[in-house]
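Residue numbers (our numbering), protein chains in the order written: chain A, 175 to 454; chain B, 170 to 436. C-beta: ideal position from N, C-alpha, C; glycine also. This structure is a prediction, so every number in the text was calculated from the model and none was measured.
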Amino acid sequence: MFVLSLLLVALLWELYKLLGPQDGGSLFGWKILPRGNDRAMPHVWDMLARYAEPERRGFDKPIIVVVLQGAWFTFRLALVGFAMGTVVGLGLAVLMARFKVIERGLLPYLVVSQTVPLIALAPLVVSWGGKLHIGGFEWPRWLSAAVLGAFLAFFPVAVATLRGLTSTPPASLELMDSYAASWRQTLFKVRFPAAVPSMIPGLRLAATASVIGVVVAEISTGLAGGVGRLIIEYAREATADPAKVYTAVFAAALLGLVMTGLVVLFDLVLMRNRPRENPA
Amino acid sequence: MSAVEIRGLSKSFAAGRSDAVDALADVDLTIEPGEFVSLIGPSGCGKSTALRLIGNLLEPTAGEVLVNGKPARQARLDQDYGISFQQAGLFDWRSVAQNIELPLELKGWDKKARRARALEVLDLVNLPEFADHLPWQLSGGMQQRVAIARALAVHPPLLLMDEPFGALDEMTRERMQDELLRICGETSTTVVFVTHSIPEAVYLSTRVVVMSPRPGRIRTVVDVGLGSDRGVETREAVAFFEKVTEVREALRGIGAFEEAGAEVVDR
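Below you can see the structure in the form of structure tokens.
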């Protein structure tokens, strides 16, 4: 199914190149239609062929190796960001579920935090790199990128988990009450397991968000080594080598898919015993 | 010592506000060990509220509840009762045996003892081969049996049941009633049973408590006296129908069969 839709997108792309205006189209004076020429929209096969060629003349490594190395670098950062975001999100959700006051006081700020543009925040967090020393620990530059990933990731986790933790069936809570169970026992034995189905979509969003956060952090701060840096580098060469930038863009997209795949795996493990109405 | 002793029990929801509801007003009731007492009445008569007050899932506005001679709160902390609801309320992520083990787990029993006890009560409810099944693989009646097994896991002297068979079909329901009577006989458990069904109340109980709504009060208590050995013959006996009629008349006396103007949510 997925492969089929990919093919369909490729087909549409080529179709537009065939039929669309070569120099872009104007509608009521607005330039809205993209240019269909080879420079703006390279052929799909050109992009694929580009993977086999070296990054630049004189290099012997094909670009696919470079891009995959960059993707692997970004993937590790995104994973760290995802993990941090999940931990923070879960912690906040538990706090908000436990104390209504905290929910009322904190939730609006969490929402506001997500409206701060990442690009604006990135230089600030990155400036901690090399400057911040906590105990004997020196803040490495890559950690800043991971933190920005976490910054985007924690929110969906917190919101989805809070929703899950507070929508436990009242009868289940009454039952735990009748067992004289503590709040903690109820949290781990009932609230969390019952929240899993609502948490999964949040985790899925967080997984892709952490990739976006890290890639944007790389782009806006020029952190070397990752796929974000490759995207801006290659974009500068777009006039001479239009297919090149797409190799890195696809790698970033693949990254998001792999991260989501991790969550699906997670889902399968956690939900293995449950009845399934609509399999993912 | 009585199994349950209720004195001057009142419960108001949202007390002092304009939308206050007097769910229960000045109720006295004493239940002796080994008794099976049903609470019956129209919606809003406070029967479920009374059950939750006995279980200390709600705090009374006034009055006192003693379970096994202890204040209700202490009885709950000591897990002196087991409870089951209309919805079996089993946890999807736990196997049947693990569901039954939950109250024992919370009490700190070790794994082996828990498992052994779970198998014991599963035997009691006639589901020995379903220990490792998942709840959603079971029929409604079987799920309800597991819920009863779970309620019995801690050997409680008292069982509180809130319309446990309300969602079952008639045939399953009658079979479950017989099962419940057998289980109570074998374990000499005291039961407080909330129901909407007159024949169910009469068939199961030693006493049927008829309640009236707004505010919830006890109208009459019908002594059933059909003996302890009940079965198909009991359901078809004249004495049984006489008692059903007696309960029905008592309910008619409080206007339970007339359509209520404003329906109050039964809590």
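Cα separation between residue i and residue j?
{"i": "Thr358 (chain B)", "j": "Gln312 (chain B)", "result": "21 Å"}
{"i": "Leu227 (chain B)", "j": "Leu271 (chain B)", "result": "22 Å"}
{"i": "Val433 (chain B)", "j": "Gly310 (chain B)", "result": "Because the pLDDT at Val433 (chain B) is just 49, under 50, the model does not fix this residue reliably, and the point stays unresolved."}
{"i": "Arg245 (chain B)", "j": "Ser181 (chain B)", "result": "21 Å"}
{"i": "Ala332 (chain A)", "j": "Phe260 (chain B)", "result": "24 Å"}
{"i": "Leu395 (chain B)", "j": "Glu411 (chain B)", "result": "11 Å"}
{"i": "Tyr353 (chain A)", "j": "Val423 (chain A)", "result": "55 Å"}
{"i": "Arg376 (chain B)", "j": "Gln255 (chain B)", "result": "21 Å"}
{"i": "Ala427 (chain A)", "j": "Val300 (chain A)", "result": "24 Å"}
{"i": "Ser217 (chain B)", "j": "Leu329 (chain B)", "result": "10 Å"}
{"i": "Ala324 (chain A)", "j": "Phe256 (chain A)", "result": "6 Å"}
{"i": "Ala327 (chain A)", "j": "Arg250 (chain A)", "result": "15 Å"}
{"i": "Arg263 (chain B)", "j": "Pro304 (chain B)", "result": "8 Å"}
{"i": "Ile308 (chain A)", "j": "Gly402 (chain A)", "result": "28 Å"}
{"i": "Phe311 (chain A)", "j": "Leu317 (chain A)", "result": "12 Å"}
{"i": "Arg388 (chain B)", "j": "Pro297 (chain B)", "result": "42 Å"}
{"i": "Leu431 (chain A)", "j": "Gly259 (chain A)", "result": "18 Å"}
{"i": "Met373 (chain A)", "j": "Glu188 (chain A)", "result": "39 Å"}
{"i": "Leu198 (chain B)", "j": "Leu178 (chain B)", "result": "9 Å"}
{"i": "Arg344 (chain B)", "j": "Pro368 (chain B)", "result": "14 Å"}
{"i": "Gly210 (chain B)", "j": "Val379 (chain B)", "result": "6 Å"}
{"i": "Ala370 (chain B)", "j": "Met350 (chain A)", "result": "27 Å"}
{"i": "Pro282 (chain A)", "j": "Thr289 (chain A)", "result": "11 Å"}
{"i": "Val315 (chain B)", "j": "Glu348 (chain A)", "result": "17 Å"}
{"i": "Gly376 (chain A)", "j": "Ile423 (chain B)", "result": "53 Å"}
{"i": "Leu336 (chain A)", "j": "Thr413 (chain A)", "result": "48 Å"}
Spell out whether any CB of chain A is found under 9 Å from the CB atom of residue i.
{"i": "Asp435 (chain B)", "result": "Any reading at Asp435 (chain B) must be qualified, since the residue scores a pLDDT of 48, below 50, and its modelled position is unreliable; no value is offered."}
{"i": "Ile175 (chain B)", "result": "no"}
{"i": "Ser308 (chain B)", "result": "no"}
{"i": "Leu208 (chain B)", "result": "no"}
{"i": "Asp261 (chain B)", "result": "yes"}
{"i": "Leu246 (chain B)", "result": "yes"}
{"i": "Ala172 (chain B)", "result": "no"}
{"i": "Gln256 (chain B)", "result": "yes"}
{"i": "Leu303 (chain B)", "result": "yes"}
{"i": "Leu321 (chain B)", "result": "no"}
{"i": "Leu226 (chain B)", "result": "yes"}
{"i": "Tyr372 (chain B)", "result": "no"}
{"i": "Gly185 (chain B)", "result": "no"}
{"i": "Arg286 (chain B)", "result": "no"}
Could you tell me which residues DSSP pairs with residue i in its beta bridges?
{"i": "Met380 (chain B)", "result": "B:Ile387"}
{"i": "Lys274 (chain A)", "result": "Partner(s): none; Lys274 (chain A) has no beta bridge."}
{"i": "Phe182 (chain B)", "result": "B:Val190"}
{"i": "Leu198 (chain B)", "result": "B:Ile175"}
{"i": "Val206 (chain B)", "result": "B:Val361, B:Arg376"}
{"i": "Gly255 (chain A)", "result": "For Gly255 (chain A), which the question treats as bridged, DSSP gives no partner whatsoever."}
{"i": "Gly251 (chain B)", "result": "B:Leu328"}
{"i": "Asp392 (chain B)", "result": "B:Arg376"}
{"i": "Phe249 (chain A)", "result": "None; Phe249 (chain A) has no bridge partner."}
{"i": "Ile308 (chain A)", "result": "A:Phe311"}
Please decide whether residue i counts as near chain B, where near means a Cβ-Cβ distance under 9 Å.
{"i": "Ala454 (chain A)", "result": "Model confidence at Ala454 (chain A) stands at a pLDDT of 43, short of 50, so the residue's coordinates are unreliable; what they give is reported in the following sentence. Taking Cβ atoms only, chain B never reaches closer than 9 Å to Ala454 (chain A), which makes this a no."}
{"i": "Val370 (chain A)", "result": "yes"}
{"i": "Ser346 (chain A)", "result": "yes"}
{"i": "Trp302 (chain A)", "result": "no"}
{"i": "Lys363 (chain A)", "result": "yes"}
{"i": "Leu186 (chain A)", "result": "no"}
{"i": "Ser341 (chain A)", "result": "no"}
{"i": "Arg448 (chain A)", "result": "yes"}
{"i": "Asp351 (chain A)", "result": "yes"}
{"i": "Ala334 (chain A)", "result": "no"}
{"i": "Pro367 (chain A)", "result": "yes"}
{"i": "Gln359 (chain A)", "result": "yes"}
{"i": "Ala267 (chain A)", "result": "no"}
{"i": "Ala354 (chain A)", "result": "yes"}
If residue i and residue j are in contact, beta carbons under 8 Å, what's the gap, nearest whole angstrom?
{"i": "Gly251 (chain B)", "j": "Leu337 (chain B)", "result": "Wrong, their Cβ atoms sit about 19 Å apart, outside the cutoff."}
{"i": "Thr340 (chain A)", "j": "Ala271 (chain A)", "result": "5 Å"}
{"i": "Ala300 (chain B)", "j": "Ala257 (chain B)", "result": "Not quite, the Cβ-Cβ distance comes to about 16 Å (not below 8 Å), so this is no contact."}
{"i": "Pro216 (chain A)", "j": "Pro416 (chain A)", "result": "4 Å"}
{"i": "Glu229 (chain B)", "j": "Leu220 (chain B)", "result": "In the sequence on display, residue 229 (chain B) carries Pro and not Glu. Not confirmed; about 13 Å, so no contact."}
Exercise. Where in the segment 319 to 367 of chain B do unbroken runs of the alpha helix (DSSP H), each at least 4 residues long, occur, reported from the N-terminal end onward?
Worked result: If we require 4 residues or more, the alpha helix (DSSP H) runs fully inside the segment 319 to 367 of chain B come out as 339 to 356.
Exercise. Going along the chain, which unbroken runs of the alpha helix (DSSP H) with 4 or more residues stay wholly within the segment 359 to 401 of chain A?
Worked result: 366 to 395
For this session: Starting from the N-terminal side, write out each stretch of the alpha helix (DSSP H) that is 4 residues or longer and does not extend beyond the segment 314 to 346 of chain A.
Result: 315 to 340
For this session: Closer than 9 Å, Cβ to Cβ, to anything on chain D: give me those residues from the segment 271 to 282 of chain B, in chain order.
Result: Among the protein chains of the structure shown, namely A and B, there is no chain D.
Exercise. Can you give, in chain order, each stretch of the alpha helix (DSSP H) that sits fully within the segment 231 to 280 of chain B and has at least 4 residues?
Worked result: 241 to 246, 265 to 275
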